[in-house]
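Participant: In the UniProt record's numbering, the protein residues as written are 1 to 92. Cβ atoms here follow ideal geometry from the backbone N, Cα and C, with glycine treated the same way. Structure provided below as structure tokens; questions to follow.
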């Protein structure tokens, strides 16, 4: 799987975790230099508190285009620290 914006590969991995039809990429497979942390707040009833990121490529910013769960609830422990991108950026 890949997450791509324009011609920039944001993440690429054969080891994504799929939750609710979203691919969560291991952090080591994500170009974190393309992400800046957002102040958006959201708490999923079963995953817990989300951390959102803006995607920044070539001086363009996509607000809240990625997110992660740094300390998820028990049922979502397998995605701890993984990064998920809006589906419009994800390709096989």
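Going by DSSP, what residue range makes up the beta strand (DSSP E) through residue 84?
Facilitator: Here the beta strand (DSSP E) through residue 84 covers 83 to 85.
Participant: Buried or exposed: where does residue 46 fall if 16 or more other Cβ atoms within 10 Å of its Cβ makes it buried?
Facilitator: With fewer than 16 other Cβ atoms within 10 Å, it is exposed.
Participant: Residue 16: buried (16+ other C-beta within 10 angstroms of its C-beta) or exposed?
Facilitator: That one is buried.
Participant: Expressed to the nearest angstrom, what Euclidean distance is found between the alpha-carbon atoms of residue 10 and residue 69?
Facilitator: Computed Cα separation, rounded: 18 Å.
Participant: Alpha carbon to alpha carbon, how far is residue 5 from residue 75? Give it in angstroms, no decimals.
Facilitator: Taking the straight line joining both Cα atoms gives about 30 Å.
Participant: Could you check the C-alpha separation between residue 8 and residue 14 for me, to the nearest Å?
Facilitator: If I take the Cα positions, the gap works out to 18 Å.
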